[in-house]
Amino acid sequence: MKVKSPIPLDPGNGVVVYLWIIDTDMNPDTGQRHVFVGSEYNVRVAFYDGHWQGWVDITPEGGQKTGGGPCPVFIDNDTVSILVKRSQIGNASSFSWEVSASDDRGGFDGADTYAVAHILSEVPSTGVALDVLLSPSQLVLAKGETAGKLTVTVRGQSGERLPFSTVKFFADYPSLVNFTTSGEVYAVPGKVGHCWLTAKVDGIMSSNHVEVTVGSMLLLPPILLLSLDSPTGKLSVEACDAYGNRVTPRTVEYSSSSPSVATVDNSGVVTAIRPPKTFGETPIISAKINGVPVPNVVVARVTQDNLGLTMKALPGKHVVFYIPEQPIQGYDYQKIFSDYDVVRITDIGYELESEATGVVPYGGDTLFLVDDPGHEDGTVPCGLSGNPIRLGSSVDKPASCMISCSGTGFPAWFVYFHEMGHDFTLEGVKPAQFFFGGANHTVVYVEGLATALAMYVAKMIKERASIYNISSNIVNNVITLWHFGSTPSLDQYVKNGAHYDQMNPDVLDEIIDVICTKYGYDSLYRFYSLFLPRDVPFSFTIDTDAKQATVFVAALSAATGADLRPQFREWGFPIDDEFYARIWDEVNWLVNQRVSNYLIVARGTDNGIYFAVYNDTSKLSWSKLPGMTSNAPSTTLSKCYEDRAYIVVRGMDSGIYFGYLDLKTQKFTGWSRLPGNTPSRPMIISGRDVGLDCKIFLVVRGMDNRIYFNIYDELNSNWTGWKTIPTGITIDAPSVSLVNEKLHIVVRGSDGSSLWYGYLNIDKLTFSGWKYLPGQSPSQPFMTSDGLNIWLVVRGMDNKVYLASTRTGNDWSEWKGIYTGDTLEAPVLEIADYQHLHLLVIGSDRLSIWYTKLLRDGTQVLPWFKLPGLSPSPLAFVQLP
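Those letters in the sequence shown? Residues 301 to 1181, by my numbering.
Here it is as C-alpha cells:
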C-alpha cells in the first residue's frame, strides 16, 4: 500500500504506527468501533526501538478466539507491504477495512474512507506466480559464521519455476544485517538479535520470510538448585556477536513465572521463597537483552532441604549438558557420560534431527539438557522439551530420565532424542496446522513424530557408525532406544479391531517402523519436508481426524513413492479420498522439495559420453550421447533457458566440442567444434546470481600450457573469442567458480603438484595474479560455490580427499581430510540444500564410481556407496533446479 499520510515512513529514532483495521463480519456496529468499520482484527505495522514489526491484534471487542500474531513487512520507499495469512484474520474470505496512522510526536491521520476486499479462490493460470519463496527459511549468523546466501524461487500453478527480473530485500531490523541485491547477507559487527528478511520479486512480496539469528544470547546457568537454607543464586547473561566478540547489553530484564516460589531482581539474583506445591509452580526464569528474549530460560528447582548437589556443564558443539557432580542413588553421572561419549553422540543426534527436519530450534542457539533433581513430590518431570530440556532425577529412589538406573547405569538416549524431537518438530505455522488444527489426535502425532525422529537418529547412527567413529557397544546401546522390528502395540491394536479412536503414539511409531523398514528410513527425511518452509501455511485446513489422517498418509505415500492408502485402511485410518486428491499435488511437492536432482556426465570405458539424471530416490540409468572423448567432460546449467544443460568435451583429436542437452526431453543438439585445442579437460561454468545473465564461461589449458577463457552469450548464441590469463602455466585442467562477478581459478603448477589461486574481474577482465595455496595434489583440483562461499576439493598426495573453503579468496580455511576412502583421480563436488556437499570420486580401481555426502564444514555424514557404471575419468556433476 502506498503511504499518502503525513506520518512519515522514515521515522528516524521515533515511533510510527500504521493500522489496517479489519472488519471480518462487515458490520460497523460490532467489534472495535472506528470511523467507518467495527474491527475484529487490527493489522499493525510499527517502527520502534530501531526496528519494524508487523502484527495482527485480535480486538477485545471483536469476540474472536483464533488468529493474530506476527507477520513479515516490506518497506519500499513510500510503500508498505505486509503479508497476512488468512488464518490470522479468522480465515475470512471478505472484509471491510480502513487505515489510520500515528506517531510519537502527537501526529494522527485518521481514515477518510473505507474499502471492501474479497479473497479469490481461483488458482492462477499457467505462467502466473503462485509462490515467491526464499531459501533457506533460517539463517544463523553466529559463532564465526558471519554471512549467508539467500536464493529466490518463483513457482507457477504446477510447481514450475518461473523467470523473474528484479529482486529487492528488506530487513525489519535494519541495523542487524547488511545485504546485497544478489542475496548475500552479512552480520553487522557488535550486534545481537533476530530479524526477518523478506523480498519483492518483480513487485510481488515473498510468500515466506527468512528468520535470521545474529550472534548468540545465553542465560546462565540453565538450572539453579535452591533450598530454604541456601535460598539465593546468581544469573548472568552472555551475548556475543556473529564474530565471537562479547557484546555488553544496554538493558537486561529478568522475570519469574512463579514469584510466590522464587523471585528474581534486576541484577539477576534469584531468591527462593518456598518449594512448589504443584508441577506447574516450578519457577521458570526468563530474560530479555535489549528487549529481545534470550532463547533459553532457567529452571529454579526449590526444595525444602539442601539436596547436596552441584551441577557441572559438559559443553558440546550444539548442546550443553548440566549433570550432577555428586552421585545420586549410587549412580555416577560423570562416569556414565564419559564412558558413553554422551555429549558427542547427542551432538550427532542434534545434527541428524536437523538433517531430517531441515530446521534448527531456537534460532540455532545452544540447546541445554539439564538434570532436574528433586523429591518424589510430583514437581519433577521425567522429560520435558524446551530450552533447557529438563531430565528429571529422583533423590529418593533410583529413578531418572537422564540415565537409566539399571546395572551401573547408562544414558537415557530415548529421552534425549525424543525431547529434542519436540523442539525440532513443533515450531512453525505448518506444524501448528497439522498438530493443533482441531483434530482429536494431537497427542498421538505430537508424541509419535517426536519419537519417529529419535528412531531416525538411532537408525542413522547405526548406519553411519564408521564415519562417526562410534564404538559398537555404544551403537548397540543407542539402538535399544526403540524395539525395531517388533510391533506389540500395533498387534494388539489390530487384534482389538483397528479402531482409529484407540490409536496411541506407540502404535503410530510401530506403523512408521513397519513402513520405513520396507521403504527405508530415509523416507522420514522426505516426510518431514512436508512442514517446510515452516512459516508458509498449508493451503488447506486440517480440522478433523479424517483430514489429519489423510495428510499423514499422503505425506508418507509421497515420501515412499507408494500409494499406502490400502495398508492404512487396514490399520483403521479414516482416509478421505476426495480430500486426498485435492491436497496431493501440494503434499507431493512439499515432501519432495528437498530431493536434489543431479545431472551426471561421464566418460565411459569405451570413450563414449554418457549422462544420467539421479537423485536419492531413483535408480541411476545411463544414456549415451553421440561422440567420443579422451578426458572427463564438463557441464553447467543455463541461466537463461529452463531445462538446458551445456556440455563441453575434449575430442579424440584434442579439439573442444560444445553442445547442450534439453533436460525435459533429453534431446541433445549435437556437437559444435570451437576454435582451438586443449591437452586436458575443458571446464565450463555459469554463475549463481552474479549479475552475468546469459553468460557462460569456458576455461581451458592451452597447448602451450597457458590458461585461456572464452565467454558464450546465450541470447545471441555466439562466443567472444579466446583470451588468455596474462601469467602462469599449468600441466592440468584448471578449476573454476563464478562468485561476486569474479572468475575464481585454481590450477596445479608446472611442478605437477603445487596449487595456485587467482581471479579474473569480469567487468574489466583484469587478473589478480597468482597466490600459492598450502598443500599439494597429483590431480586436477575442483571448485564449487553456493554464490557466496567457495569449496575447493583435491586428491591429496596420500590419495585421500581434502577440502578447503573461502569466501573472498584471501581467507582459505585449513584442509579437512575425508579419510574413509582412496581415489586415484580428481574428486568432484556440488553444493545442495544449504546443508550438504555432495562428493563423487573414481575408486582406487580407477573405474568404479563412489558417492558420499558432507556437511558444509567437510564432515562426512554418509558412508560411501557405489553408483552403477564405470568411468576411467572424473565425473561432471551439477545440481538441477
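Just so it is clear, CB atoms sit at the ideal spot from N, CA and C, and this is done for glycine as well.
Rounded to whole angstroms, what's the CA-CA distance from residue i to residue j? Just pull it up for me.
i        : j        : result
Lys-365  : Phe-735  : 18 Å
Val-488  : Val-477  : 5 Å
Val-895  : Pro-627  : 47 Å
Glu-870  : Asp-863  : 13 Å
Ser-506  : Val-454  : 9 Å
Tyr-768  : Gln-1160 : 8 Å
Glu-538  : His-722  : 26 Å
Glu-763  : Pro-1163 : 8 Å
Lys-687  : Ser-557  : The residue asked about is misnamed: residue 687 is Asn in this sequence, not Lys. C-alpha separation (whole angstroms): 15 Å.
Asp-835  : Ala-562  : 36 Å
Glu-1014 : Gln-438  : 34 Å
Asn-892  : Ala-1132 : 14 Å
Gly-797  : Leu-790  : 11 Å
Ser-954  : Leu-974  : 11 Å
Tyr-828  : Thr-978  : 48 Å
Cys-994  : Ser-1017 : 10 Å
Arg-826  : Gly-314  : 47 Å
Thr-860  : Met-1003 : 51 Å
Ser-1144 : Gly-608  : 59 Å
Ser-706  : Ser-786  : 22 Å
Glu-655  : Lys-612  : 29 Å
Ser-394  : Ala-415  : 11 Å
Pro-1174 : Ile-984  : 15 Å
Asp-1180 : Leu-691  : One point to set straight first is that residue 1180 is Leu, not Asp, in the sequence displayed. If you take the alpha carbons of Leu-1180 and Leu-691, they lie about 44 Å apart.
Pro-1168 : Tyr-1119 : 23 Å
Asp-357  : Tyr-341  : 6 Å
Glu-445  : Glu-651  : 17 Å
Is the beta carbon of residue i less than 8 Å from the beta carbon of residue j?
i        : j        : result
Leu-430  : His-509  : no
Ile-1007 : Trp-1019 : no
Ala-858  : Asn-888  : yes
Ser-1105 : Trp-1115 : no
Thr-330  : Ala-392  : no
Val-569  : Thr-532  : yes
Ile-623  : Asp-671  : yes
Val-778  : Trp-713  : yes
Leu-260  : Ala-752  : The question about residue 260 has no answer, for the chain in this structure spans 301 to 1181.
Ala-401  : Tyr-348  : no
Asp-943  : Lys-967  : no
Ser-980  : Asp-1032 : yes
Ala-932  : Leu-920  : no
Trp-661  : Glu-727  : According to the sequence as given, residue 661 is Pro; it is not Trp. Yes, these two residues count as a Cβ contact at 8 Å.
Val-428  : Gly-456  : yes
Tyr-1057 : Gly-1109 : yes
Pro-1127 : Phe-1082 : yes
Buried or exposed: residue i, going by 16 or more other Cβ atoms within 10 Å of its Cβ?
i       : result
Gly-312 : exposed
Lys-759 : buried
Asp-541 : buried
Val-729 : buried
Gly-739 : First, the amino acid is wrong: residue 739 is Ala here, not Gly. Flag for Ala-739 reads buried.
Gln-604 : exposed
Asn-545 : exposed
Gln-848 : buried
Asp-843 : exposed
Phe-868 : buried
Lys-449 : buried
Val-990 : Residue confidence is low: Val-990 scores 48 on pLDDT, short of 50, so the model does not pin down where it sits. Its coordinate-derived value is still stated next. Per the 10 Å Cβ criterion, buried.
Closer than 8 Å, CB to CB, is residue i near chain C or not?
i       : result
Lys-468 : Absence of chain C from the displayed structure is noted, only one protein chain being present.
Task: Segment contact flag, the segment 545-552 with the segment 584-597, C-beta cutoff 8 Å, min 3 pairs - done: In the pairwise beta carbon analysis, the segment 545-552 is classified as touching the segment 584-597: at least three pairs are separated by under 8 Å.
Open item on the list: Closer than 8 Å is the cut-off here; do at least three beta carbon pairs connect the segment 1052-1062 with the segment 1072-1083?
Closed with: By the Cβ test, the segment 1052-1062 is in contact with the segment 1072-1083, since at least three Cβ pairs between them sit closer than 8 Å.
- [ ] Count the C-beta pairs between the segment 658-673 and the segment 596-605 that are closer than 8 Å, then say yes if the count reaches three, no if not.
- [x] In this structure the segment 658-673 lies against the segment 596-605, because at least three pairs of beta carbons, one per stretch, are closer than 8 Å.
TODO: For the segment 517-527 and the segment 461-477, state whether three or more C-beta atom pairs, one from each stretch, are separated by less than 8 Å.
DONE: Here the segment 517-527 makes no contact with the segment 461-477; the two share fewer than three CB pairs at distances below 8 Å.
Open item on the list: Does the segment 921-928 come into contact with the segment 873-882, if we say contact requires no fewer than three beta-carbon pairs (one atom in each stretch) closer than 8 Å?
Closed with: At 8 Å Cβ cutoff, the stretches do not touch.
- [ ] May I have a chain-ordered list of the beta strand (DSSP E) segments no shorter than 3 residues that lie completely inside the segment 767-800?
- [x] The beta strand (DSSP E) runs of length 3 or more contained entirely in the segment 767-800 do not exist; there are none.
Open item on the list: Whether or not the segment 1060-1075 and the segment 1026-1045 are in contact is what I'm after, with contact meaning three or more pairs of Cβ atoms, one per stretch, closer than 8 Å; do they touch?
Closed with: Inter-segment contact for the segment 1026-1045 and the segment 1060-1075 is present: three or more beta-carbon pairs are separated by less than 8 Å.
Open item on the list: So within the segment 1048-1088, which uninterrupted alpha helix (DSSP H) runs reach at least 4 residues, ignoring any that extend past its ends?
Closed with: If we require 4 residues or more, the segment 1048-1088 turns out to have no alpha helix (DSSP H) run fully inside it.
Open item on the list: What ranges does the alpha helix (DSSP H) occupy inside the segment 832-882, keeping only unbroken runs of at least 4 residues that lie completely in it?
Closed with: With a minimum length of 4 residues, the continuous alpha helix (DSSP H) runs that stay inside the segment 832-882 are 845-860, 865-870.
- [ ] With a floor of 4 residues, list each alpha helix (DSSP H) that falls wholly inside the segment 697-745, ordered by position along the chain.
- [x] For the segment 697-745, whole alpha helix (DSSP H) runs of length 4 or above, ordered along the chain, are 713-725, 729-736.
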